[in-house]
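In our numbering, the protein residues as written are 25 to 381.
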């Protein structure tokens, strides 16, 4: 009997093509939009080996200028003389990272907002050279070699916005899989199939599994297709594919069990969809689906309460580090949600069947 239920529910799900399309196209479109929108926020700073700087001499010793230029070459700062023109115009026209104006007893550094890091570097360099690095003979002082203790610190490598959102929105839509069951549940209501089940010899556990298994497999298939498409389109990097697949599948099962529990308690498809989407939104809000968990200002204990946070962090760390201490917690969390919600769903269905028998 349960095989018949599973087969029939599969047919009903695939007849409701719009829900399948939402689950398939939803993550693809959201990943495309958010990965592009937050690309600058998550971009890693890449240092430059050299950068050009202009200079102008009003009154200064040529030996000082030459010593500064020589020291600049060693530090990756290339000085070019521009004796004429407005300094701002010269910097913009020649794409200079900074400009230094020398006079007899002082110097002035001009920087650009477009080259903030280079400007800070130039100011530091000029201060060291002019105030500390040039002695009476106008030669760069040799700095004493200082032996410093070095300790290697553990850190998380940077991950770009495409990889991050390409992973976390597959997770987010996994928890919204109950939408695929709308075809089954609406047809049960429409044709009075629920009443027939309640007077039949089908147990509540069989009735539950007859819906739960097709939901899980349908969502898993949709997420697999969406993942392959996003990998091909956006070159998203998943770490340890087999382990990542297990983690995503367990979260799909947890989301389906949560949805079935809400439906068996409320006995309303509309209420179920509203409640599940609200719950998943809050779990995603604290779990890094909207604001990356690396930059999140939420208290850590709130993030730890969200199963989406554990899943996001495990999969993102697997992507950029190849390992994660959150793998065990997300597996345990997903299994716990699946088991508890399934038990409550079966019990709620049994109570409702007894009350209306």
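Heads up, the beta-carbon is just placed ideally off N, CA and C, and yes, glycines get one too.
By the C-beta criterion, the segment 298–310 is judged to be in contact with the segment 320–329, since at least 3 inter-stretch pairs fall below 8 Å.
The beta carbon of residue 103 sits closer than 6 Å to those of 77, 79, 93 and 96, all from its chain and outside the five residues before and after it, given in chain order.
By the Cβ rule, the segment 38–55 counts as touching the segment 236–255, because three or more pairs are nearer than 8 Å. When beta bridges are read from the DSSP output, residue 135 appears opposite 122. Residues 207, 208 and 211 of the same chain have their beta carbon placed closer than 8 Å to that of residue 36, with the five preceding and five following residues left out of the count. Secondary structure at residue 263: coil, using DSSP grouped into helix, strand and coil. A residue is called buried once 16 or more other Cβ atoms fall within 10 Å of its Cβ, and residue 331 is buried on that count. Of the other Cβ atoms in all chains shown, 16 or more fall within 10 Å of the Cβ of residue 123; this residue is therefore buried. DSSP places residue 226 outside both helix and strand once states are collapsed to three, so it counts as coil. Following the DSSP letters along the chain, one finds residue 78 inside the beta strand (DSSP E) bounded by residues 75–81. The Cβ neighbour count for residue 356, taken over all protein chains shown within 10 Å, is under 16; the residue is labelled exposed. Pairwise C-beta distances place the segment 253–261 out of contact with the segment 331–342, as fewer than three of them are shorter than 8 Å.
Taking C-beta atoms as the reference points, residue 361 and residue 191 fail to come closer than 7 Å. The beta-carbon distance between residue 275 and residue 358, rounded to whole angstroms, is 5 Å. This is short enough to meet the 8 Å contact definition.
Where residue 326 is concerned, the enclosing alpha helix (DSSP H) starts and stops at 324–328. Beta bridge pairing from DSSP links residue 105 with 79. In this structure, the straight-line span from the alpha carbon of residue 106 to that of residue 349 is close to 56 Å. Counting the other Cβ atoms within 10 Å of the Cβ of residue 295 gives fewer than 16, which makes it exposed. In this structure, the alpha-carbon of residue 41 lies about 27 Å from that of residue 229. Taking 7 Å as the cut-off, the Cβ atoms of residue 201 and residue 239 count as close. If you draw a 10 Å sphere on the C-beta of residue 343, you find 16 or more other C-beta atoms in it, and that means buried. Going by C-alpha positions, residue 372 is about 43 Å away from residue 345. A direct Cα-to-Cα measurement between residue 351 and residue 271 gives close to 8 Å.
Beyond the five residues adjoining it in sequence on each side, residue 299 comes within less than 8 Å, by CB distance, of 286 and 290 in the same chain, given in chain order.
The residue from 187, 324, 81 and 184 with its alpha-carbon nearest to that of residue 128 is 81. Restricted to the segment 248–328, the alpha helix (DSSP H) segments that are unbroken, complete and at least 4 residues in length are 265–290, 293–311 and 324–328, listed in chain order. Residue 245 places its beta carbon 7 Å or farther from that of residue 29. Rounded to the nearest whole angstrom, the CA to CA distance from residue 184 to residue 254 is 15 Å.
Under the DSSP assignment, residue 42 falls in the alpha helix (DSSP H) whose first and last residues are 41–61. Its Cα nearest to that of residue 58, the residue 186 stands out among 365, 141, 325 and 186. Residue 193 is a Cβ neighbour of residue 55, given a cutoff of 7 Å.
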